[in-house]
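What the sequence shown shows, in full-length UniProt numbering, is residues 545 to 818, in sequence order. Just so you know, even glycine gets a beta-carbon here, dropped at the ideal spot from N, CA and C. Here is the structure we will look at, set down as structure tokens.
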Amino acid sequence: RAKLDGRNSYAFYTESLTKESIEHLKLQSALHDALDKKNFHLVYQPKLDFVTMKTTGFEALLRWRDPVLGNVSPAKFIPIAEKIGLINDIGLWVLKEACQQGVKWISQGKKIGRIAVNVAGPQLQRTSFVDEVKLVLEETGLPASALELEVTESFMMSDPEVVIRDLQRLGEMGIELSIDDFGTGYSSLSYLKKLPIHKLKLDQSFVRDLPMDHDNAAIAKAVIALGQALNLKVVAEGVETEAQAEFLRESGCNEAQGYLYSKPRLPEALKDFL
Ligand code: C2E
Ligand code: MG
Ligand code: MG
Ligand code: MG
Numbered sequence: 545r546a547k548l549d550g551r552n553s554y555a556f557y558t559e560s561l562t563k564e565s566i567e568h569l570k571l572q573s574a575l576h577d578a579l580d581k582k583n584f585h586l587v588y589q590p591k592l593d594f595v596t597m598k599t600t601g602f603e604a605l606l607r608w609r610d611p612v613l614g615n616v617s618p619a620k621f622i623p624i625a626e627k628i629g630l631i632n633d634i635g636l637w638v639l640k641e642a643c644q645q646g647v648k649w650i651s652q653g654k655k656i657g658r659i660a661v662n663v664a665g666p667q668l669q670r671t672s673f674v675d676e677v678k679l680v681l682e683e684t685g686l687p688a689s690a691l692e693l694e695v696t697e698s699f700m701m702s703d704p705e706v707v708i709r710d711l712q713r714l715g716e717m718g719i720e721l722s723i724d725d726f727g728t729g730y731s732s733l734s735y736l737k738k739l740p741i742h743k744l745k746l747d748q749s750f751v752r753d754l755p756m757d758h759d760n761a762a763i764a765k766a767v768i769a770l771g772q773a774l775n776l777k778v779v780a781e782g783v784e785t786e787a788q789a790e791f792l793r794e795s796g797c798n799e800a801q802g803y804l805y806s807k808p809r810l811p812e813a814l815k816d817f818l
């Protein structure tokens with residue numbers, strides 16, 4: 545891009561090096577050091593069964609605190625990590641860390657259900673992904689029955705058949721598989737039928753303003769009905785109010801996750817849910 549093409553190059557640089565792209569570059573270079581410098585940690589958010597209100601598991605969520613940049617949201621840095629090829633290393637670290645925490649809780653006699661780990665699109669595309677997961681389970685000692693992987697619909701965009709085969713293998717190991725942010729991506733319903741998955745996570749954008757928002761109410765009900773028809777559990781994300789919870793429970797949604805119950809917390813702060 546630095547190629548000089550006469551007078552236009554000057555215009556190019558002044559236009560492109562905006563405040564935003566400078567911030568982006570700073571984030572990029574800080575991300576390169578973040579793993580080595582141990583600037584990542586995980587927080588966990590409980591998921592609850594809508595009928596019994598018992599904990600069914602915890603979603604592990606990545607946090608990055610940079611000494612200079614401060615706390616950076618994963619919504620911001622995960623896409624950058626994907627773009628610059630760091631997501632595989634980061635994702636593997638998250639998986640190990642979450643599995644270790646699961647083993648720690650189990651060894652303390654806690655019932656944890658499943659620990660859910662988010663998997664980014666590029667991780668799933670790797671041919672070694674299934675073996676990496678297997679190895680982490682072996683090394684940490686977490687039973688596959690205590691792990692859930694959350695994938696997004698983005699993998700549908702390229703080579704879905706290969707990914708479907710890998711998901712199949714992961715499912716056969718006893719790992720539970722869910723589609724995250726369901727309804728916001730590219731799932732075609734014909735693929736959904738073929739996918740070896742167990743759960744749909746209704747995206748929080750559809751949970752907002754339930755039950756007043758009629759469009760969201762219709763979408764939530766439709767996703768729940770789809771889940772029931774395909775024998776998949778449906779989990780609602782971003783549940784913040786009793787009114788939302790009541791509507792979702794009455795509509796047959798299986799599980800809930802959201803600030804109404806708990807925000808994501810450090811492991812020590814989750815005693816009430818274990
Ligand atoms: P996600 O996997 O859909 O995770 C749910 C997000 O919703 C989390 O944001 C969580 O803190 C937030 N949330 C939970 N309950 C509520 C609620 O009641 N209200 C609202 N407004 N928000 C709620 P977070 O932790 O900022 O993560 C954002 C996204 O970043 C995640 O969305 C996921 O896509 C990605 N992410 C986070 N950690 C990882 C990771 O370890 N690996 C990968 N690949 N992606 C990650
Ligand atoms: Mg998730
Ligand atoms: Mg989600
Ligand atoms: Mg989401």
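Asked, Found
"Any 3 or more C-beta pairs closer than 8 angstroms across the stretch 703 to 713 and the stretch 655 to 664", "no"
"Shell residues, 6 angstroms Cβ cut-off relative to heavy atoms of ligand 3", "Asp724, Asp725, Lys745, Glu781"
"Own chain residues within Cβ distance below 6 angstroms of residue 861, not counting five before or after", "Only positions 545 to 818 of the chain appear in this structure, which leaves residue 861 out of reach."
"Where Phe594 falls: helix, strand or coil (DSSP)", "coil"
"Cβ neighbour criterion (16 or more within 10 Å) applied to Tyr803", "exposed"
"Nearest neighbour of Thr671, chosen from Val695, Leu691, Asp710, Val647 [CA to CA]", "Asp710"
"Neighbourhood of Val616 by C-beta, 7 angstroms cutoff - its chain only, sequence neighbours within 5 removed", "Leu571, Trp608, Asp610"
"Contact under 7 angstroms by Cβ, Lys777 with Asn760", "no"
"Stretch-stretch touch, CB-based, cutoff 8 angstroms, three pairs: the stretch 650 to 658 with the stretch 582 to 601", "yes"
"Pair within 7 angstroms by beta-carbon distance, Met701 and Tyr735", "no"
"Option in Val751, Ile723, Lys743, Arg793 with minimal Cα separation from residue 539", "No statement about residue 539 is possible, as the shown extent of the chain runs from 545 to 818 and does not include it."
"Glu694: CB within 6 angstroms of a non-hydrogen atom of ligand 2", "yes"
"Presumed contact (8 angstroms Cβ cut-off) between Ala604 and Leu586, rounded CB distance", "5 angstroms"
"Buried versus exposed, by CB contacts within 10 Å (16 or more), Lys627", "exposed"
"Of the residues Phe791, Gly685, Ala780, Ala766, the one placed nearest Met756, counting alpha carbons only", "Phe791"
"Top-ranked residue by Cα proximity to Asp724, from Trp637, Leu693, Phe584", "Leu693"
"Rounded C-alpha distance that separates Tyr613 from Val751", "Inspection of the sequence shows that residue 613 is occupied by Leu rather than by Tyr. About 32 angstroms."
"Expected contact under 8 angstroms - CB spacing of Phe584 and Leu606 to nearest Å", "6 angstroms"
"Integer Cβ distance of Asp747 from Phe726, believed to fall under 8 angstroms", "6 angstroms"
"Beta-carbon separation (whole angstroms), Lys765 vs Ser795, contact threshold 8 angstroms", "5 angstroms"
"Three-state secondary structure assigned by DSSP to Asn760", "helix"
"C-beta contact flag for Ala800 and Ala780 at 7 angstroms", "yes"
"Ala632: first and last residue of the uninterrupted beta strand (DSSP E) it sits in", "According to the sequence shown, residue 632 is Asn rather than Ala. Element bounds for Asn632: not the beta strand (DSSP E) but the alpha helix (DSSP H), 631 to 651."
"Rounded straight-line distance, which links the Cα of Lys591 to that of Glu697", "21 angstroms"
"Bridge-paired residues (DSSP) for Gln589", "Glu603"
"CB contact flag (Gln667, Gly635, <7 angstroms)", "yes"
"Beta-carbon proximity of Asn718 to Leu686, cut-off 7 angstroms", "In the sequence under discussion, the amino acid at residue 718 is Gly, which differs from the Asn named in the question. In this structure, Leu686 does not lie closer than 7 angstroms to Gly718 by Cβ."
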